[in-house]
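For the sequence shown, position 161 matches number 161 in the UniProt record's numbering, and the numbering has no gaps at all. Glycine residues also receive a C-beta, built at the ideal position from the N, C-alpha and C atoms.
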Amino acid sequence: MSNSDVYYKKTIEYPFNGQKFSFDVANTLFSTFEMDHGTDILIRSIVTKSPKTILDLGCGYGPLGVILAKTNPKAEVTMLDSNLLAVRYSKYNLLKNNVTNATVVGSVGIEAVKDKTFDLIVSNIPAKIGDEAITQEFILAPYELLDPGGELWVVVVSALNRLIPKIGGEHNIKIRNVRKRRGHTVYQITK
């Protein structure tokens, strides 16, 4: 965007694996002062074979989707968010970082992609949407979109650590605690 955009707040620079990424952020979007710690720990924790299809669920201004698309240039990346300003800024940040293998779609949950499947799904799960929304919209529904052997990688604030393993136990889903840092926990869910 630019300083002429009424929503523009600032540009965040983010180094990752020897590359420099740049993200314009808007005043009303999540984590506009710096890269969110949860997003940072998630992107630095993901270890997966070269995925062909990637979904960034709740993409915000786009850091996960942009970085995954740029570092997996042969993958087809889909980025979803229910906030239209987030969709707008994600689209711009794809252009800003010269990413051509990703699309951004406005969607409540997985509604816009419910007929597709993915090798890799990532999400920095919103902490304040409630246990049922987290369970249904950010764990169970995305899990159903995974190809066999596909992976769902999520990060949550520590207050949600009781919920994620509980979902796995109740629904017979293999959930692995990968990493904890600075009040966040990364989980890997494999189909």
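Distance between residue j and residue i (C-alpha atoms, nearest Å)
| i | j | result |
| --- | --- | --- |
| residue 191 | residue 54 | 15 Å |
| residue 20 | residue 167 | 36 Å |
| residue 25 | residue 132 | 29 Å |
| residue 59 | residue 170 | 27 Å |
| residue 13 | residue 125 | 22 Å |
| residue 15 | residue 91 | 20 Å |
| residue 146 | residue 61 | 24 Å |
| residue 148 | residue 75 | 17 Å |
| residue 144 | residue 136 | 11 Å |
| residue 35 | residue 17 | 15 Å |
Identity of the residue in the options nearest residue i by Cα
| i | options | result |
| --- | --- | --- |
| residue 139 | 69, 20, 10, 165 | 165 |
| residue 175 | 49, 115, 161 | 161 |
| residue 107 | 99, 68, 43, 81 | 81 |
7 Å CB neighbourhood of residue i in its chain, flanking five on each side removed
| i | result |
| --- | --- |
| residue 141 | 109, 110 |
| residue 97 | 21, 22, 66, 70 |
| residue 93 | 23, 24, 61, 62, 66 |
Nonlocal neighbours in the same chain, by C-beta distance under 8 Å from residue i, ignoring five residues either side
| i | result |
| --- | --- |
| residue 179 | 41, 45, 185, 186 |
| residue 28 | 7, 85 |
Sequence-distant residues of its chain with Cβ nearer than 6 Å to residue i (five each side left out)
| i | result |
| --- | --- |
| residue 56 | 64, 65, 79, 122 |
| residue 120 | 48, 51, 54, 151 |
N- and C-terminal bounds of the alpha helix (DSSP H) containing residue i
| i | result |
| --- | --- |
| residue 143 | 141–144 |
| residue 87 | 84–96 |
| residue 66 | 63–71 |
(request) Just list the beta strand (DSSP E) runs in the region 94–158, keeping only unbroken ones of 3 residues or longer that don't cross its boundaries, in chain order. (result) 102–106, 118–124, 146–157
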